[in-house]
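**Student:** Taken in order, these protein sequences are the chains called A and B.
Once you know that position 107 of the first sequence is 115 in the working numbering, the rest is easy, because the numbers rise by one and skip nothing.
Once you know that position 89 of the second sequence is 400 in the working numbering, the rest is easy, because the numbers rise by one and skip nothing.
We treat Cβ as the ideally placed atom computed from N, Cα and C, and that holds for glycine.
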Amino acid sequence: MKISVLQENLAHGLSIVSRAVSSRSTLPVLANVLIATDEGRLRLSATNLELGITCWIGAKIQEEGSTTVPARTFTELVSTLTDKQVDMNLNVRTQTLNVRCGASNTDLKCIDAQEFPPMPVPDLSDGIQINVADLKEMIQQVAFAASTDDARPILTGVQVSLNGNRITLSAADGFRLSVRHAELSSAVPNPVSAVIPARALVELSRIATDGEQVVTMILPPGRSQVIFRTRDTELVSQLIDGVFPDLVQLIPKSYRTRALLSTASFLKACKQAEIFAREGSRIARLNVQAGGEMQPGTVEITGQSEETGHNQTVIDASVEGSSQMIAFNVRFLREALDVIKTPNVALETNSDTSPGVLRPVGEESFVHVIMPMHVSN
Amino acid sequence: MTTTRKIIHLDLDAFFCAVEEQRDPSLVGKPFAVGGKPEERGVVASCSYAARQRGVRSAMPMVHALRLCPNLTIVPARHRVYEHISQQVMEIIHRLTPQVEQISIDEAFLDVTGIDLPLRQIASQLQADIYQQLGLPASLGGATNKLVAKIATDVGKAANRSDKPPMAITIVPPGDEAAFLGPLPVQALWGVGPKTAARLKLLNIEKVGDLAARSEQEMVELFGKHGYDLVIHARGIDDRPIITQHQIKSISQEVTFTKDIRDLRLLESALLELSESVGRRLKEEKLKGSTVKIKLRWPSFVTVTRQVTLTQATDQEQIIFETAKHLFHKLWEPEQAVRLIGVGVSGFYRETRQLSFWDLQTEKDRTLQQAIENLQHKFGKQAVQRGAQTTTIRTHSAKRPN
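1. Whose Cβ in chain A lies nearer than 7 angstroms to the Cβ of W669(B)?
2. 8 angstroms is my cut-off, CB to CB: does L533(B) come that close to chain A?
3. Is there at least one Cβ from chain B nearer than 8 angstroms to L258(A)'s Cβ?
4. So with CB distances below 9 angstroms, who are the chain A contacts of E684(B)?
5. What's the gap between the Cα of L541(B) and the Cα of L522(B)?
6. Between Q564(B) and the rest of its own chain, which residues show a CB-CB distance below 8 angstroms, the 5 nearest in sequence each way excluded?
7. Any beta carbon of chain B sitting closer than 8 angstroms to that of E319(A)?
8. CB-CB under 8 angstroms to E517(B), same chain, minus the five flanking residues each way: which ones, in chain order?
9. Rounded to whole angstroms, what is the Cα-Cα separation between S452(B) and M373(B)?
10. Can you find the residues in the same chain that come closer than 8 angstroms, C-beta to C-beta, to E332(B), ignoring five residues on each side of it along the sequence?
11. Are there 16 or more other CB atoms within 10 angstroms of the CB of M312(B), so buried, or fewer, so exposed?
12. Going by other Cβ atoms of all chains shown within 10 Å of its Cβ, with 16 needed for buried, is L513(B) buried or exposed?
13. Taking only beta-carbon positions, decide if H382(A) is within less than 8 angstroms of chain B.
14. Under a three-way DSSP split, which group does E343(A) fall into?
15. Find out if the Cβ-Cβ distance for the pair L105(A), V86(A) is shorter than 8 angstroms.
16. Is A410(A) buried or exposed, if buried means 16 or more other CB atoms sit within 10 Å of its CB?
17. Which same chain residues end up closer than 8 angstroms to T384(B) when comparing Cβ atoms and leaving out the 5 residues on each side of it in sequence?
18. Report yes if the C-beta distance between R339(A) and R290(A) is below 8 angstroms; otherwise report no.
19. Just verifying my parser: in three-state terms, what is the DSSP assignment at K641(B)?
20. Using only the alpha-carbon positions, how far apart do A699(B) and E328(A) sit?
21. Counting pairs of beta carbons, one from the stretch 161–174 of chain A and one from the stretch 361–381 of chain A, are three or more of them closer than 8 angstroms?
22. Within the same chain, show all residues whose beta-carbon is closer than 6 angstroms to that of A479(B), passing over the 5 residues directly before and after it, in chain order.
23. Counting only Cβ-Cβ distances shorter than 8 angstroms, please list the residues of the stretch 238–252 of chain A near chain B, keeping chain order.
24. Take L379(B) and list the residues in its own chain whose beta-carbon comes closer than 6 angstroms to its own, dropping the five residues that flank it on each side.
25. Is the shortest distance between the beta-carbon of N295(A) and the beta-carbons of chain B less than 8 angstroms?
26. Within a Cβ cutoff of 6 angstroms, which residues of the same chain sit near N424(B), ignoring the five residues on either side of it in sequence?
27. Could you list which residues in chain B have their beta carbon closer than 9 angstroms to that of M333(A), in chain order?
28. Taking D95(A) as part of the beta strand (DSSP E), name the residues at either end of that continuous run.
29. Quick one: using the 10 Å Cβ neighbour count with 16 as the cut-off for buried, is A635(B) buried or exposed?
30. Please report whether the beta-carbon of L666(B) lies at a distance below 8 angstroms from any beta-carbon of chain A.
31. Give the secondary structure of E565(B) by DSSP, where H, G and I count as helix, E and B as strand, and everything else as coil.
32. Between which two residues does the alpha helix (DSSP H) carrying K68(A) extend?
33. Which residues mark the beginning and the end of the alpha helix (DSSP H) in which Q432(B) is found?
34. Against chain B, with Cβ distances strictly below 8 angstroms, would T361(A) count as a contact?
35. Which of helix, strand or coil does DSSP assign to E351(B)?
36. Starting from the beta carbon of N337(A), find every residue of chain B whose beta carbon is closer than 8 angstroms, and list them in chain order.
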């Protein structure tokens, strides 16, 4: 293999794929990045067997070939190269990659590309086209609600369901849940559903840059994998097996109290309360007060700690129904309000032990539900 | 005008002994004491009425008790059993009223103002319930307040001294409080120890009645704020409410060694055992504390304590133990003998729990909510309503003019 690439392209490609490099694995080749000539471009791939990322960069190819380069060493080296052009030449017999850039001359010990796990070659014609901006927003609004606890693996995933021209992402960690819908530009022939590790989706939203219009999602039949493809990148993830709980039936259909308030004020109040609730129980107490005929209702947000003190914000709100006191993990509130884009948000409650619902006002496509905290006397 | 309260004080008669007599009926009528062995510096935790006739008292060193009563049988204490039975007693009391303030394993105050029966009848029914259901004798005092009710129990017990449980019931009718307390020695009042009694004696105050006759002002000048309370209490006035839930401020465990210990391994294993026991109690009480404290007593009886505040409240034995061990090594020099060692946790947070979608209770709530919605859908909003929404109507109809 004999190729020339631009330093900045190589550095960018490595930064994308290196997130899938296995940091500790018994398989040495998983600590490496595959570099291979591929139809006039250079393909960079890394995988930890659960998640694989591939990136194609432009290259001048004088001789086809492939090898795997130690990811950390290679990334560090490339980031310090100062000249524009990087020339790479592989000695196939010794699996030594010579890297030249300006005055710099490096020999890297590589592992034969044969040892690298094969990456699936998707059939792009079966793909579902999703708008990148939509998908990134959906992931941002849903993935954080997935569990990070491996006790129930299914909950570490995000359920992606496609039905007609509607795509739905849902996730829950047992204490909160997020559900977000969006429209597809073209309908899918058959309803499909898959549970994708939340981490894979977060990586996807990182590598799918806004410059691109669409991402193609492929669910190869019988393979328990999902592939997301953009023009220059591809992400492959194992799916999570198991039955995903029916989250829709967990969303309360009615409420006794509904408060409409400014999202920004509510978020700011939660951030302040969190400073005090950080130690101990992480509780923010909410007191939703119904207003009278002439005055508006209020939502009072309180955070307190025996050590640091007590913080309270009172926000004007339009309150429908009876007054309600309820306590939430303040981080859950803050994380949910962080992804609500509308200027106003509705908080719906039924009692201090039943789920609280957050809905962006004027935006039907998103709902977030949080279980309260029980405070004993 | 406030209504006259009806307060009962209940005290189980020689509780530990009564439990031991149930286990071993041959103990009935005999002088025996529950407590530690004399050679292990044991003290009397409780003693039978036959033993009391010989002068044995609780909290007395067992060696001393044996000197007073050489044929005293010593029964080892089974605190877990007593706690369990105490709970059953409290359950019986709670059936009568939720207004219960438990003040120790065998003592409680009850506010029975809401029960429309004579106080004596309520008291004897309760005494009979406890005796019939658990076989435990109890003495009760009844009055308009806690102070007089408690003293009534004590007076009743003292008046029925024999080698059998007193099972006394003493009722002080409203208005008779001062007259009832008057002839008693001042020590009968709370807060009058030997020192205060001696000072009062110098002022020619020996009976509660003598104290009641003095002016508040005079006593405040002599005893400060405490003086005011003394006079008021002496007149049989006490408006403290029943405190139904005791706010636990700290949980601690300590052990006095049978022999002074200098072996680090033994000391550390004692710390571990104490830490485990504190952790267990914390979990039982659903509390988490952020301050860990240890207490050491040297053979010289000098007692030292050290405490530290953790960054996060805990109920974990291992964290309590590691912290206690760290504190211990700050105080202890190798080879130093230790007489007593204790571990405690305080600085409690209220227990909080993140509810989950899949909790049993939330499941139930959801099923209920669903059923209500279905009914309302079928038959309209008025078909099913929450109790809270109709309480105003109910309280009105329940309130009848006297």
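**Tutor:** In brief:
1. Translated into the one-based positions of the second sequence, residue 669(B) becomes position 358. The contacting residues are G182.
2. Here the question's residue 533(B) lines up with position 222 in the second sequence. No, L533(B) lies away from the interface with chain A (no Cβ there is under 8 angstroms from its Cβ).
3. In the first sequence, residue 258(A) corresponds to position 250, counting from 1. It does: the Cβ of L258(A) has a partner Cβ on chain B nearer than 8 angstroms.
4. Locating residue 684(B) in the second sequence gives position 373, counting from the first residue. Within 9 angstroms Cβ-Cβ: K261 and S262.
5. Numbered from 1 along the second sequence, position 230 holds the residue referred to as residue 541(B). Numbered from 1 along the second sequence, position 211 holds the residue referred to as residue 522(B). Cα to Cα, L541(B) sits roughly 8 angstroms from L522(B).
6. In the second sequence, the residue the question calls residue 564(B) occupies position 253. The answer, listed in chain order, is L585, S588, V589, R592, G653, V654 and G655.
7. Along the first sequence, one-based indexing puts residue 319(A) at 311. Looking at the sequence shown, residue 319(A) is not Glu but Asn. No, N319(A) lies away from the interface with chain B (no Cβ there is under 8 angstroms from its Cβ).
8. In the second sequence, the residue the question calls residue 517(B) occupies position 206. Answer for E517(B): P496, V497 and L511, listed in chain order.
9. Residue mapping note: residue 452(B) aligns to position 141 of the second sequence, counting from 1. Residue mapping note: residue 373(B) aligns to position 62 of the second sequence, counting from 1. Note that residue 452(B) is Gly in the sequence shown here, rather than Ser. Rounded to whole angstroms, G452(B) to M373(B) spans 30 angstroms at the Cα level.
10. The residue given as residue 332(B) occupies position 21 in the second sequence. Excluding residues within five positions, the ones whose Cβ falls inside 8 angstroms are L338, V339 and S359.
11. Here residue 312(B) refers to the residue found at position 1 of the second sequence. With a pLDDT of 40 at M312(B), under the threshold of 50, the predicted position of this residue should be treated as unreliable, and no value is reported.
12. In the second sequence, the residue the question calls residue 513(B) occupies position 202. So L513(B) counts as exposed.
13. In the first sequence, counting from the first residue as 1, residue 382(A) sits at position 374. So yes, H382(A) belongs to the interface.
14. For this step, residue 343(A) is matched to residue 335 along the first sequence. Here E343(A) sits in helix by DSSP.
15. For the purposes of this step, residue 105(A) is taken as residue 97 along the first sequence, with counting starting at 1. For the purposes of this step, residue 86(A) is taken as residue 78 along the first sequence, with counting starting at 1. Result no, Cβ atoms of L105(A) and V86(A) do not sit closer than 8 angstroms.
16. No answer is possible for residue 410(A): it lies beyond the span of chain A, which begins at 9 and ends at 385.
17. Numbered from its first residue, the second sequence carries residue 384(B) at position 73. Excluding residues within five positions, the ones whose Cβ falls inside 8 angstroms are L338, K341, P342, F343 and A344.
18. Counting from one through the first sequence, the residue named residue 339(A) turns up at place 331. Counting from one through the first sequence, the residue named residue 290(A) turns up at place 282. Their beta carbons are under 8 angstroms apart, which means R339(A) touches R290(A) by this criterion.
19. Position 330 of the second sequence, counted from the start, is the residue given in the question as residue 641(B). In the structure shown, K641(B) sits in a helix (DSSP, three-state: H, G or I).
20. Numbered from its first residue, the second sequence carries residue 699(B) at position 388. Numbered from its first residue, the first sequence carries residue 328(A) at position 320. With a pLDDT of only 46 at A699(B), under the threshold of 50, the placement of this residue in the model should not be trusted; the figure read from the coordinates follows. The alpha-carbon atoms of A699(B) and E328(A) are separated by roughly 18 angstroms.
21. Touching, no, given that fewer than three Cβ pairs across the two stretches are closer than 8 angstroms.
22. Position 168 of the second sequence, counted from the start, is the residue given in the question as residue 479(B). S450, G467, K468 and N471, listed in sequence order.
23. Flagged: no residues at all.
24. Counting from one through the second sequence, the residue named residue 379(B) turns up at place 68. Hits under 6 angstroms: R365, G366 and V367.
25. Against the first sequence, residue 295(A) aligns to sequence position 287. It does not; no Cβ of chain B falls within 8 angstroms.
26. Counting from one through the second sequence, the residue named residue 424(B) turns up at place 113. It should be pointed out that residue 424(B) corresponds to Thr in this sequence rather than to Asn. Cβ neighbours of T424(B) beyond the five flanking positions: R316 and K317.
27. By one-based count along the first sequence, residue 333(A) stands at place 325. Contact of M333(A) with chain B by beta-carbon distance below 9 angstroms is absent, the smallest such distance being about 13 angstroms.
28. Here residue 95(A) corresponds to residue number 87 of the first sequence, with the count starting at 1. Q93 to N99 is the extent of the beta strand (DSSP E) around D95(A).
29. In the second sequence, the residue the question calls residue 635(B) occupies position 324. A635(B) should be labelled buried.
30. For the purposes of this step, residue 666(B) is identified with residue 355 of the second sequence, where counting begins at 1. By this cut-off, L666(B) is an interface position.
31. In the second sequence, residue 565(B) corresponds to position 254, counting from 1. Residue state, collapsed to three classes: strand.
32. Counted from its first residue, the first sequence places residue 68(A) at position 60. First-last for K68(A): K68 to E71, but that is the beta strand (DSSP E), not the alpha helix (DSSP H).
33. Against the second sequence, residue 432(B) aligns to sequence position 121. Q432(B) -> alpha helix (DSSP H) spans L430 to L445.
34. Looking up residue 361(A) in the first sequence gives position 353. Output row for T361(A): interface = yes.
35. Taking the first residue of the second sequence as position 1, residue 351(B) is located at position 40. Here E351(B) sits in helix by DSSP.
36. For this step, residue 337(A) is matched to residue 329 along the first sequence. Here the neighbours are Q665.
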